[in-house]
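Protein chains in written order, with this note's numbering: chain R, 490 to 749; chain G, 490 to 749; chain X, 252 to 526; chain Z, 252 to 526.
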Amino acid sequence: MGAAVDTPSDIRPEERMAAALAALILDPAAPPARHIAVGAASPIPAAACWLVRKSGHPVRLSLLHKPSGNPFTAGTRELFDLTGQGRIDLFFLGGGQIDGQANINLIGTGDWPGRAARFPGSFGSAFMYLMANRTILFREEHSPRVMVPRVDHISAPGVSAPGVFRRGHAQALVTGRSVFRFDPARARFTLASAHPAESAASIRAATGFDYDAPDPVPATADPTPDQLALLRGPVCDEMLETYPEFCRRVFGRSATEAAA
Amino acid sequence: MGAAVDTPSDIRPEERMAAALAALILDPAAPPARHIAVGAASPIPAAACWLVRKSGHPVRLSLLHKPSGNPFTAGTRELFDLTGQGRIDLFFLGGGQIDGQANINLIGTGDWPGRAARFPGSFGSAFMYLMANRTILFREEHSPRVMVPRVDHISAPGVSAPGVFRRGHAQALVTGRSVFRFDPARARFTLASAHPAESAASIRAATGFDYDAPDPVPATADPTPDQLALLRGPVCDEMLETYPEFCRRVFGRSATEAAA
Amino acid sequence: MPILPLDRLAVLVPDGALLALPPDNSLTPAEFARALVRAGARNLRLLGVPVSGYATDLLIGAGCVASVQSSGVSLGEAGFAPRFSAALKAGTIAMTDATCPAIHTMLQAAEKGVPFMPLRGVLGSDILAHRADWKVIDNPFAAGGGDPIVLLPALSPDIAAFHAMMADTEGNVYVGRRHELATIAHAARRSLVTVERIYDGNLLEDERLAAGTISATYVEAVAVAERGAWPAALLDAYSADPAHYAEYARLAKTEDGFRTYLDRYVRRAAAEAAE
Amino acid sequence: MPILPLDRLAVLVPDGALLALPPDNSLTPAEFARALVRAGARNLRLLGVPVSGYATDLLIGAGCVASVQSSGVSLGEAGFAPRFSAALKAGTIAMTDATCPAIHTMLQAAEKGVPFMPLRGVLGSDILAHRADWKVIDNPFAAGGGDPIVLLPALSPDIAAFHAMMADTEGNVYVGRRHELATIAHAARRSLVTVERIYDGNLLEDERLAAGTISATYVEAVAVAERGAWPAALLDAYSADPAHYAEYARLAKTEDGFRTYLDRYVRRAAAEAAE
Chain R
490 MGAAVDTPSD IRPEERMAAA LAALILDPAA PPARHIAVGA ASPIPAAACW LVRKSGHPVR
550 LSLLHKPSGN PFTAGTRELF DLTGQGRIDL FFLGGGQIDG QANINLIGTG DWPGRAARFP
610 GSFGSAFMYL MANRTILFRE EHSPRVMVPR VDHISAPGVS APGVFRRGHA QALVTGRSVF
670 RFDPARARFT LASAHPAESA ASIRAATGFD YDAPDPVPAT ADPTPDQLAL LRGPVCDEML
730 ETYPEFCRRV FGRSATEAAA
Chain G
490 MGAAVDTPSD IRPEERMAAA LAALILDPAA PPARHIAVGA ASPIPAAACW LVRKSGHPVR
550 LSLLHKPSGN PFTAGTRELF DLTGQGRIDL FFLGGGQIDG QANINLIGTG DWPGRAARFP
610 GSFGSAFMYL MANRTILFRE EHSPRVMVPR VDHISAPGVS APGVFRRGHA QALVTGRSVF
670 RFDPARARFT LASAHPAESA ASIRAATGFD YDAPDPVPAT ADPTPDQLAL LRGPVCDEML
730 ETYPEFCRRV FGRSATEAAA
Chain X
252 MPILPLDRLA VLVPDGALLA LPPDNSLTPA EFARALVRAG ARNLRLLGVP VSGYATDLLI
312 GAGCVASVQS SGVSLGEAGF APRFSAALKA GTIAMTDATC PAIHTMLQAA EKGVPFMPLR
372 GVLGSDILAH RADWKVIDNP FAAGGGDPIV LLPALSPDIA AFHAMMADTE GNVYVGRRHE
432 LATIAHAARR SLVTVERIYD GNLLEDERLA AGTISATYVE AVAVAERGAW PAALLDAYSA
492 DPAHYAEYAR LAKTEDGFRT YLDRYVRRAA AEAAE
Chain Z
252 MPILPLDRLA VLVPDGALLA LPPDNSLTPA EFARALVRAG ARNLRLLGVP VSGYATDLLI
312 GAGCVASVQS SGVSLGEAGF APRFSAALKA GTIAMTDATC PAIHTMLQAA EKGVPFMPLR
372 GVLGSDILAH RADWKVIDNP FAAGGGDPIV LLPALSPDIA AFHAMMADTE GNVYVGRRHE
432 LATIAHAARR SLVTVERIYD GNLLEDERLA AGTISATYVE AVAVAERGAW PAALLDAYSA
492 DPAHYAEYAR LAKTEDGFRT YLDRYVRRAA AEAAE
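Below you can see the structure in the form of C-alpha cells.
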C-alpha cells in the first residue's frame, strides 16, 4: 500500500476530479445519464463513473478498453454505432489543447499534422462530440499551453454551424484546478468552481482563453469520506485490470495484490 | 429405398438438370467458379454444385440454408456482402416468369404486387443478378406461362443500361426441357440443347419468348453412370439435412434413414 | 431487464407497431407469434428480415397484420405462404416488396445512426420503381459521373422480436453465429426476446459465449419459451419439423382449415397451459 | 489454405502494401510485426483499425513504413508512440489523420461492396478539411435540404493481418467476440493470420465456436505464433505486459535505444529460434 493515501483528508487530485465529474454526471439539470461510455486512456472519468455506480445509481457503463467482460462484441465499432443510434447519454473527451469555444485538439501543435508537437490523434472525438447526448471535457493539466485562446487544429468542434446534425455539446470542463460550465448557445465557458488552493486570479492566470466567472468563485467540493472509501476500495477493484498503472499511482494498489 | 431410382438408366428429370448445370459450372469458356453460392429453395442447383465438388473439383460452396455448419456467421447478409465484394463467382436464380431478355419475375402476375398470382417475392435476386460474376437461371417448368415474351414485373433485369455497375449476367437457362445460352450483348437466348423426347419444335411450342436455335438441335447429354452414382450417394448425403423432401422425392431417401 | 411470462411479453407490442421478424431459418420467434395471436395484436406492420415465413403467415391469418414489408414470403419446402397469398388477393394487407440486401442495408443504416446507406444492384428492378422511399443518385465518387447508385433510408423497427438460445438475468441474449440478429436488435428501438432457458451467469463475461451474445443494452424484456422456434429449427438445439409445416400448409389453404390450426396449435395450447 | 512458418507468412506482404492492423487491445499481430521487421518489409502503408500502437511504432522505427493512416497512435498507459513521433518530426513518414468511426465506416463500405458510406459527425473537424478523399453532400433524404453529411470512400486494404486465438486446417480462424476483425477481413483483399494454435476440427461446425469464427473464405494463409499478441493481451488467454510496454517506451525514445530493443527482442529471438 502507498503511504500517501492512507487518510481521507489526503485527497489526491485525481480523486477530486473524479468526484467533480461524478457530481456533473448526476447533475439534475442535465439530461439523465442512463448509459455512459468511457473511452481509451480515461482512468479519471472511469473512476467517476464507477463512483456513481458504486454510490447506488443504476447507470449502464460501457468501458471501451476493459480487456474482459466488456459489453461489446464489435470493439469500438459497437460504441460508435450505439452513439449513432442516440443510446449514449454521456461521453468524456480530453484535449491536448482546449479553447474557449470548447474546441478540442488531439492532433498536435504547429503545422498540420502536428509538426511542433504531435499528440496521439483524434480517436473518435470528431464523431462522439456531436453524437453523444452530452460530453464532459476533462484535462488534469490546467495551464496556458493547454487552455488556449484558439486550438491550433480542431479535432472536434465545440459548436456547430446551423443545420449540422448534432445531439449534444460539452456540459462542462473539469481540470486539475477548476470546473467550468459550457453554454453552447454563447459558445463560452463560465467558471463554476475552483479547487482548494486556487483562486479567481490563479485560474485566470492559468487559462489562455477568456471566460465568465462569478464573484466570489465557489470552492469545488471535497469528495466525501464515503466517496473516498468507494474510490479506494470497490472503484479501484473494478479498474485494476484496465488501468494498473493509474491504480498503483493514485490508489497505491497493484493488480498482483488484487489477484493474490 | 424408393424403387424408382434403382437403375442408372432411370434418369430423373432433376438429375438431368443437375448434370446439365454441372457442365455449365465447369464450362471452360466461362470465368472460373471458385466460390459458388446457392440460395434458399434451390435443391437442383445445390445438387449440381455438390456433384461438381464430389467429382473432385475444389470449388468453395456456400449453401445459404444449410442449418448447421454453414460458412456464414451473419446469415444471408454475409452472402450479400461477399457478393458485393466480388467474391461470389456463380449464383443461381429461378423465376415465376422468365422472358427472352433474361428478365426474371419472382413478384407475381397481374397488377403489382401480383394481384392475379402472387409468387413468393424477389429474395436477393435484384442484387445478386447484377453483382455475382455469373448467374445460371433454372426452372423445371418449361411452358408458355413461365417462359414469357415479357415478364409482368421485373424482379431482376437480364441486362442493364450503359453505366449501371454490373459484374455479370445470365450464362444460361436450364429447364426441364432444354438448355439455353444467353448473350448479354444481344439480350437474347440461343437454344443449346434439348433433353431426350424433346425436339426443336416441342421447345419452340413450350417457349413464349423468341430465341435463336441451331439446326439440328443437339441433345442434352445424359448424366454419366458415375454422375448418377454420385448424385444418389454422396451428393444426397450432403443434401438430406437441408432438403429432406427433395431427397425423398428424387432419390427416394429420407433423413431418418441417414440418421439411423 | 425483466424476465416476463410469455403472455406479458406479447402485450408489450402495441397495435400498429412496426415489428421486425427474422425468417424461419434464423431464430424465428414462432411461439411469440402464437402468443401475439392469443393476445389479439392488431394492425401490425411486419418487416421480414430479410424474408418471412410461418410467423408472418400465422399472424396474417389471425387478422393481426395491416402490412408486410419483405423480400419473400414462403414456407420453404412446404410451398407458398397460404394466408399471405389469400390476404393479398383479398386486399386486406398492404405489401411492400424489397430485396434481401436492401432490408439488411436499411437496418444497418439505422444501426449506424445514418439517414441512408447505398447499395449496388437493384437498378432496373421494378421493386425500385415501386419504392418512393428509395432514391437513386449519381455516385459522387465516380470520376466523370454517370454511375447511378441506389440510396436506401434508415429503417428503425419499433420492436424486434426473435427467439434466442438463452438469456442471462442481466438481459444479455445468446444468438450464436446468427450475427445478423444483432443488427436487427441494434436497429430496433426495443427488442423483445424469447429464449429456451435462462443462463446462470453473465454471458458477456464468458469469452466463448460473448462471441454469440447480444448485449442487454438493446433488450427490453425476455420470456422463456421452450422450443419457441418450433416448427422451425434452432441452431444446433433442434431441427425443423417438416411434417408440421406440411400440416400447416395444408390447413391454412382455407380460412376454415386455418381456424382448425389455430384451435389445435395456438389457442388450445394456451388453454392447456392455463389449466 | 496453407499453414506456413511465420517467416514465410511475413514475406507474403509485398513492399508498398496497404496493411491493415488492429490496435493493441484487439488481436494485434505483434509477433507478425516483428517478423515483418526481420523480413525487411519496406514502404508499408499502415492502416490503424481504427487506432495504432506497438506494432505500428515498431515497424516505423525499423524503417518499414512509408505512411500511416490512423485515428490515433499511442502506447496506451505507456504514453505516446516514440518512433512514430520521431518519424513524423523527421518527415520520414506521411500521416493521414482519421477518426475511429470513419475508419470502421470506410472498411464497412468495402465489406458491403459499395463505393462509399455516410457518417454523421465529423463536420467542423479539421480532419475533414485535410481529407480530399472525403466528401460532404446534402442529405438527399432531408425534407427541404440543408442537412450536410459526410460521405467516406470504401477502403480495401491489400492485406489485413491479425493474431487470432486459433485456426483450423480449413483456414477458419477464431477471433471470439472481436467481430470488428471480421469486417477487416471482409474488406481486405487478403488476410494473413497468426494464431496461438491449430484447432483439431472445423470451427464453423461447432455452433459455440462458429459465433467467433471468421470463414476461411477471407484467409489467405495462417502461421502459428505462440503468444503472438505479446506484449498486448489476447482475449482471455493472456494479459498485457505493462512492464514490457514501459521498457519499449523507454528504449524507443532514442534511435540507439530502439536498436537495442530490436537486438534484444526482435532479431535475437529469431536467431535463437534458428539455432
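For each residue, glycine too, the CB sits at the ideal point set by N, CA and C.
Could you check where the beta strand (DSSP E) with residue i kicks off and where it finishes?
{"i": "residue 624 of chain G", "result": "624 to 628"}
{"i": "residue 586 of chain G", "result": "586 to 588"}
{"i": "residue 549 of chain G", "result": "549 to 552"}
{"i": "residue 580 of chain G", "result": "580 to 582"}
Tell me whether residue i sits in a helix, a strand or coil according to DSSP, three-state version.
{"i": "residue 355 of chain Z", "result": "helix"}
{"i": "residue 369 of chain Z", "result": "strand"}
{"i": "residue 311 of chain X", "result": "helix"}
{"i": "residue 252 of chain Z", "result": "coil"}
{"i": "residue 511 of chain X", "result": "helix"}
{"i": "residue 490 of chain X", "result": "coil"}
{"i": "residue 691 of chain G", "result": "helix"}
{"i": "residue 299 of chain Z", "result": "strand"}
{"i": "residue 711 of chain R", "result": "coil"}
{"i": "residue 491 of chain G", "result": "For residue 491 of chain G, the pLDDT reaches just 38, beneath the cut-off of 50, and the residue's location in the model is therefore unreliable, although a value from the coordinates is still provided. Three-state DSSP puts residue 491 of chain G in coil, outside helix and strand."}
{"i": "residue 726 of chain G", "result": "helix"}
{"i": "residue 735 of chain R", "result": "helix"}
{"i": "residue 335 of chain X", "result": "helix"}
{"i": "residue 656 of chain G", "result": "coil"}
Provide the residue(s) that pair with residue i in DSSP beta bridges, ordered along the chain.
{"i": "residue 671 of chain R", "result": "R:678"}
{"i": "residue 701 of chain G", "result": "G:679"}
{"i": "residue 386 of chain Z", "result": "Z:402"}
{"i": "residue 645 of chain G", "result": "G:593"}
{"i": "residue 506 of chain R", "result": "Per DSSP, none; premise fails for residue 506 of chain R."}
{"i": "residue 620 of chain R", "result": "In the DSSP output, where bridge partners are listed per residue, residue 620 of chain R has none listed."}
{"i": "residue 348 of chain X", "result": "X:321"}
Closer than 9 Å, CB to CB, is residue i near chain X or not?
{"i": "residue 740 of chain G", "result": "no"}
{"i": "residue 354 of chain Z", "result": "no"}
{"i": "residue 524 of chain R", "result": "yes"}
{"i": "residue 460 of chain Z", "result": "yes"}
{"i": "residue 658 of chain G", "result": "no"}
{"i": "residue 701 of chain R", "result": "no"}
{"i": "residue 747 of chain G", "result": "At residue 747 of chain G the pLDDT is 46, less than 50, meaning the model places this residue with poor confidence; the figure from the coordinates comes in the next sentence. Output row for residue 747 of chain G: interface = no."}
{"i": "residue 370 of chain Z", "result": "yes"}
{"i": "residue 504 of chain Z", "result": "no"}
Got a sec: is the Cβ-Cβ distance from residue i to anything in chain Z below 9 Å?
{"i": "residue 491 of chain X", "result": "no"}
{"i": "residue 390 of chain X", "result": "yes"}
{"i": "residue 393 of chain X", "result": "yes"}
{"i": "residue 572 of chain G", "result": "yes"}
{"i": "residue 576 of chain G", "result": "yes"}
{"i": "residue 562 of chain R", "result": "yes"}
Does residue i have its Cβ less than 9 Å from a Cβ in chain A?
{"i": "residue 457 of chain Z", "result": "Note that chain A does not occur in the displayed structure, where the protein chains are R, G, X and Z."}
Determine the extent of the alpha helix (DSSP H) in which residue i is found, giving its start and end residues.
{"i": "residue 565 of chain R", "result": "564 to 573"}
{"i": "residue 317 of chain X", "result": "Here residue 317 of chain X belongs to no alpha helix (DSSP H); instead the beta strand (DSSP E) covers 316 to 321."}
{"i": "residue 288 of chain Z", "result": "281 to 290"}
Would you say residue i lies against chain R (beta-carbon separation less than 9 Å)?
{"i": "residue 429 of chain Z", "result": "yes"}
{"i": "residue 367 of chain Z", "result": "no"}
{"i": "residue 527 of chain X", "result": "Residue 527 of chain X is absent from the structure shown; chain X starts at 252 and stops at 526."}
{"i": "residue 361 of chain X", "result": "yes"}
Distance cutoff 9 Å, beta carbons only. Does residue i sit that close to anything in chain G?
{"i": "residue 364 of chain Z", "result": "yes"}
In the region 512 to 538 of chain R, which residue ranges form an unbroken beta strand (DSSP E) of at least 3 residues, counting only runs that do not cross its ends?
The DSSP assignment places complete beta strand (DSSP E) segments of no fewer than 3 residues inside the region 512 to 538 of chain R at 524 to 527, in order along the chain.
Secondary structure, beta strand (DSSP E): runs of 3+ residues fully inside the region 404 to 474 of chain X
Correct list: 410 to 419, 441 to 450.
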